[in-house]
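2 protein chains.
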Amino acid sequence: MTTVDLSHHISAEARLRKPTAMKEIWRLASRKPNMVSLANGDPPNILYPIKRVTFEIASPTGDDPVAAWKEESSSTPTQVIGATRDGPSVLPVKKAMQYTNGAGHVETQKAITELVHAYHHPPNHVITLTLGNGDAVTKCFRLFGNPGDHFLADEFTFSALVQAAIPQGIKWVPVRMDDGGLVPEQMEKILVNWDAARGPKPHVLYTIPCGQNPTGSTLSVERRRKIYELAQRFDLIIVEDDPYYFLQFPSSSSGTDTTYAPSFVSMDVDGRVVRVDSFSKVVAPGMRLGWITSNAQFHEQLVALTDSSSQHPHAFGQIFLSELFGPEGWQPPGFDKWVRGLGMEYKRRCDFFLDLFTKEVASTGLAEAIPPEAGMFVWTRIHIDKHPRYRNEVAGSEGARGPRTNCKKLMEELFDTCLDEGLVVMPASIFKVGSDPQYSEPGDSIEDRLNYFRLTYCGTEETMKTGLSTLGRALRSFFAS
Amino acid sequence: MTTVDLSHHISAEARLRKPTAMKEIWRLASRKPNMVSLANGDPPNILYPIKRVTFEIASPTGDDPVAAWKEESSSTPTQVIGATRDGPSVLPVKKAMQYTNGAGHVETQKAITELVHAYHHPPNHVITLTLGNGDAVTKCFRLFGNPGDHFLADEFTFSALVQAAIPQGIKWVPVRMDDGGLVPEQMEKILVNWDAARGPKPHVLYTIPCGQNPTGSTLSVERRRKIYELAQRFDLIIVEDDPYYFLQFPSSSSGTDTTYAPSFVSMDVDGRVVRVDSFSKVVAPGMRLGWITSNAQFHEQLVALTDSSSQHPHAFGQIFLSELFGPEGWQPPGFDKWVRGLGMEYKRRCDFFLDLFTKEVASTGLAEAIPPEAGMFVWTRIHIDKHPRYRNEVAGSEGARGPRTNCKKLMEELFDTCLDEGLVVMPASIFKVGSDPQYSEPGDSIEDRLNYFRLTYCGTEETMKTGLSTLGRALRSFFAS
């Protein structure tokens, strides 16, 4: 079913998962037309007490629909989508609210499949509905992870998901990043020099390619190609977690000329990319309905796991999405207009933030912002080596592993200084992927590179103004200490 | 936190689960008022493209609201519940659609907590929102199950969930049932006679107490008390999966005098019951939002697992439930009216079914129906020993384990005969919990007790008529062979 046989990546637990015996009965039941069934266990749909579900949503009209929408004036155009008990909606209430298998309703799958093809043209992939990226990524970890397996990840990443795999027995191997995100050569080095005594060689890479959380970095096309080649060479699965894909910025603040970076799945001739998408940043986090794009074999495994755990996504979200992309909704062109508008909006916010940052923070000479091209975050480098109490014991410690500087401690103090001044930031330490000290390279401890804060431009202008002037003040006061 | 310390039941995997480091940051952030945050990673809620969410639902007015509703006439009373961006709804869209932790929104939790207290008065328990019973029960299995653990279950049960735990390493031990459901004395026998060589003694019982799937049985109050005493004596956790609780029948077809059987959680002074509830049968399966009632320690573990997997329930369902129980919705008295109406409706359907069964099936003398007191299913005993080819090798095989009859094979043939006649039924074999033959009692093989079909009265009257007359015909034809 896949171009390359990748079934050896499937975990022992997933292999033990059997389709439920009931499915076999339904298969037998469909062998003849007009079968009468006394077998089903579903409540009669005429008893569902819901007659109609409606959503009043923004209308993506005009050149900048998001800018118009956020004003919330009564004249902002809206449209109503939804479903009635029997239709004529795309997914009538009576149908939407029945049990389905883990794959969800075909109507919703179809809408999402069209979306995926429009943006990614994946060579030979199918979609699986999920309950958002947390659900999706942790399901991928269950699908590929045996206790004792090593997985690669960006050295700073969304730690909640990385941590979620640890109780299951996954051991994380961080890959060095620079301002452009994960460095392919560093990944290659890990794989080439892998010490078999350490256990099985990593066979999965978990990465966030656009507007990475927390570093805001977006992988260049060249890096993506190199990483994919490495995945082929070392037989890796790439779990591409891309919630900020649709928050990529246009080239200019007023433009709608966003060029979306080619996703890993778009270049995945082997079927070794499992791409995870979300509506949390496009619609709202409470959607809890996203999707995975993968090869058909992994799709079947994901559906089996869904049937054995969370079950299929909620009907309300499936109605919402089916209608959003249907004839009464935005349809794909309206969706495209909305997400390009979102890209413009986030770029405007980012530009506003960076201007303030230059005035209030960079002017201290104690910190610099790494400008993102997508997403919500500015990775902010603190020039911790300028602190009077900074120590670097590099001389005389060649070959020694572990931290050489007091970067970690000073950053903790700076974090506390910010709190004392009334400002909350996200310290880099929260996002670091722990590595086995025995196998970290001498002189390359992540503890010496924790001199970053993750800042966001998601707040109001007032928040950004107060926040950044507080940060400038806190830096000056701390570096004077 | 619990009356009895039950923390030793928590699995190794669950113990390894750590609260995310980000939570600690938010805790620090709340130590002073008026903190400014550049730390959050949530999209600004003014960008959510949803202005209003509404649900037109049945109005539970009149004596028999479900009977009125299923007619679907335009005069059937309805009411509209929902939320706007900023309220004044119970859970405004902007709030509902943000990220929350695994426990969900406090507004929804509060509504469900009141519901639980009205029906169960649990001694010292809290609720956790879930994504329905599949999600909830499998999370309980992850919470309590180590590889190699033994769990007890009704010998016939909803096999999809039991099967879901097998890849995780759970070994199932079936408990003998009779027409009244799980037999406490049989459970006691298993626990008293447990052979340590077999591995750890069972420490979890998974059971469906009302309108059990597939047997339709409802445990008597006496059995419930005995089972709870056994749980105390042998230190068991009871996972009480009760989706049919609100489908308990009134004493008379026209009455609303349903007396709800006391749940295990209502008698749970120790905190050893984890009760699982669903809206799938009360509202609709597509809801995918239910809840667990448990002690506070297990609640915390369940929230941590939710944060590490599915994440919190969808906003649309949380809006629906918050408003359903709120001032514009049914409120608890309206809900009570609706569920009592459902009990009446299912009893009417069941009575209709049993009348037909007497005429079309029981009249053959080849099968009998075991009348349920709740739920959707009639467990139908086939008098397989009346078949001309029935064999029972009991004589001469005393002490031998394994099946003594050809019950299984004949039932497979009968199932095929039904299919050939155009009828789908659910064979008992689908629901049986496999046991280790080495430890099954001589002369007590479940293979000799597979002479049941699970039938349902969820279909239309037409379906029941055609289905049951087909079953009568199939039985006559098969037993004449």
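For the record, the sequence lines run as chains A and B. Those letters in the first sequence? Residues 1 to 481, per the UniProt record's numbering, in order. Those letters in the second sequence? Residues 1 to 481, per the UniProt record's numbering, in order. Think of the CB as a built atom: it goes at the ideal place given N, C-alpha and C, for glycine as much as any other residue.
I'd like to know whether the C-beta of residue i is nearer than 8 Å to at least one C-beta of chain B.
i              : result
residue 287(A) : yes
residue 145(A) : no
residue 307(A) : yes
residue 477(A) : no
residue 170(A) : no
residue 181(A) : no
residue 480(A) : no
residue 5(A)   : no
residue 317(A) : yes
residue 458(A) : yes
residue 215(A) : no
residue 411(A) : no
residue 363(A) : no
residue 177(A) : no
Could one say the Cβ of residue i lies closer than 8 Å to chain A's Cβ atoms, at least one of them?
i              : result
residue 2(B)   : No answer about residue 2(B) holds up, because its pLDDT of 49 lies below 50 and its placement is not dependable.
residue 303(B) : no
residue 164(B) : yes
residue 322(B) : no
residue 373(B) : no
residue 485(B) : Nothing can be reported for residue 485(B), as the shown portion of chain B is limited to 1 through 481.
residue 18(B)  : yes
residue 109(B) : no
residue 13(B)  : yes
residue 52(B)  : yes
residue 160(B) : yes
residue 438(B) : no
residue 55(B)  : yes
Since residue i and residue j are thought to touch, with beta carbons under 8 Å apart, how far apart are those beta carbons, to the nearest angstrom?
i              : j              : result
residue 135(B) : residue 309(A) : 6 Å
residue 47(A)  : residue 70(B)  : 6 Å
residue 58(B)  : residue 65(B)  : 6 Å
residue 18(A)  : residue 163(B) : 6 Å
residue 390(A) : residue 414(A) : Rounded, the Cβ-Cβ distance is 12 Å, inconsistent with contact.
residue 323(A) : residue 81(A)  : 4 Å
residue 83(A)  : residue 106(A) : Their Cβ separation, rounded to whole angstroms, is 15 Å, which puts residue 83(A) and residue 106(A) out of contact at 8 Å.
residue 90(B)  : residue 326(B) : 4 Å
Beta-carbon separation of residue i and residue j under 8 Å?
i              : j              : result
residue 366(A) : residue 382(A) : yes
residue 455(B) : residue 425(B) : yes
residue 183(A) : residue 206(A) : no
residue 433(B) : residue 172(B) : yes
residue 122(A) : residue 266(A) : yes
residue 232(B) : residue 181(B) : no
residue 127(B) : residue 138(B) : no
residue 272(A) : residue 319(A) : no
residue 472(A) : residue 364(A) : yes
residue 143(B) : residue 289(B) : no
residue 97(A)  : residue 60(B)  : no
Which residues in chain D have a C-beta closer than 7 Å to the C-beta of residue i? List them in chain order.
i              : result
residue 245(A) : Of the protein chains in this structure, namely A and B, none is chain D.
Positions along the stretch 21-46 of chain A whose CB lies within less than 7 Å of some CB in chain B: 21, 22, 25, 28, 29, 32, 34, 35, 36, 37, 38, 39, 40, 41, 42, 43, 44 and 46
Chain A contacts from the stretch 119-145 of chain B (Cβ-Cβ distance under 7 Å): 131, 132, 134, 135 and 138
Secondary structure, beta strand (DSSP E): runs of 3+ residues fully inside the stretch 279-358 of chain A: 290-294
Within the stretch 207-274 of chain B, note down every full beta strand (DSSP E) run reaching 3 residues or more, in order along the chain. 237-241
Ignoring anything shorter than 4 residues or poking outside the stretch 73-118 of chain B, list the alpha helix (DSSP H) runs there in chain order. 93-96
Taking a Cβ distance cut-off of 7 Å, strictly less, list which residues of the stretch 66-99 of chain B are near chain A, in chain order. 66, 69, 70, 72, 78, 96, 97, 98 and 99
Contact set between the stretch 417-428 of chain A and chain B, restricted to residues whose Cβ is under 7 Å from the partner: 419, 422, 423, 424, 425 and 426
Selection of the stretch 460-471 of chain A by Cβ proximity to chain B, strictly under 7 Å: 463, 466, 467 and 470
Note down, in chain order, all residues in the stretch 260-288 of chain A with a beta-carbon under 8 Å from any beta-carbon belonging to chain B. 280, 281, 283, 284, 285, 286, 287 and 288
Unbroken alpha helix (DSSP H) runs of length 4 or more, entirely within the stretch 123-184 of chain A: which are they? 133-144 and 159-164
What are the uninterrupted segments assigned as beta strand (DSSP E) that are 3 or more residues long and contained completely in the stretch 396-465 of chain A, given in chain order? 452-456
Chain A contacts from the stretch 334-346 of chain B (Cβ-Cβ distance under 8 Å): 338, 342 and 345
Enumerated in chain order, which unbroken segments of the alpha helix (DSSP H) with a length of 4 residues or greater are wholly contained in the stretch 49-74 of chain B? 65-70
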